[in-house]
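Under our numbering, the residues of the sequence shown are numbered 4 to 94, in order.
From the three backbone atoms N, C-alpha and C, an ideal C-beta is built for every residue, glycine too.
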Amino acid sequence: MTIAHQHQKRVKSTRLKVWRGTNEDNGRYEEFDVAFEDGDSVLDGLVRIRQQFEPDLAIRFSCFNANVCKECTMLIDGEVDMRVSPSCDPV
Ligand code: FES
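Written out as structure tokens, the structure is:
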């Protein structure tokens with residue numbers, strides 16, 4: 004294996020299911036396939052969705068993966084968590 008291969012990042016794909024709406028009675032889930040690299044957070048995936056597909060996707064964050072401000076707290080798989088904590092898993 005060459006040094007170039009050792010430093011090459013593996014880009015994978017994952018599917019994120021995102022609730023879009025104002026409350027549980029007014030909204031819908033939308034699914035997005037996004038690229039991710041090992042170690043990426045859910046926040047990384049949401050930012051990619053916003054940049055690549057849905058510029059109107061509202062997400063809140065401040066320190067971006069520094070795990071300091073708690074601005075990104077939300078429900079992830081039914082648990083209250085910060086988007087920087089859980090990592091994206093392959094589909
Ligand atoms: S963006 Fe700061 S902890 Fe999540």
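For residue i, which three-state DSSP category applies?
i	result
Val71	coil
Asp41	coil
Asp59	coil
Gly48	helix
Met85	strand
Tell me whether residue i counts as near the ligand FES, meaning its Cβ is closer than 6 Å to at least one heavy atom of that ligand.
i	result
Lys73	yes
Ser65	yes
Asn70	yes
Met77	no
Tell me whether the beta-carbon of residue i lies closer than 7 Å to the beta-carbon of residue j.
i	j	result
Phe35	Leu60	no
Gly48	Val37	yes
Report the CB separation of residue i from residue j in whole angstroms; it is logged as a contact under 8 Å.
i	j	result
Val21	Glu33	6 Å
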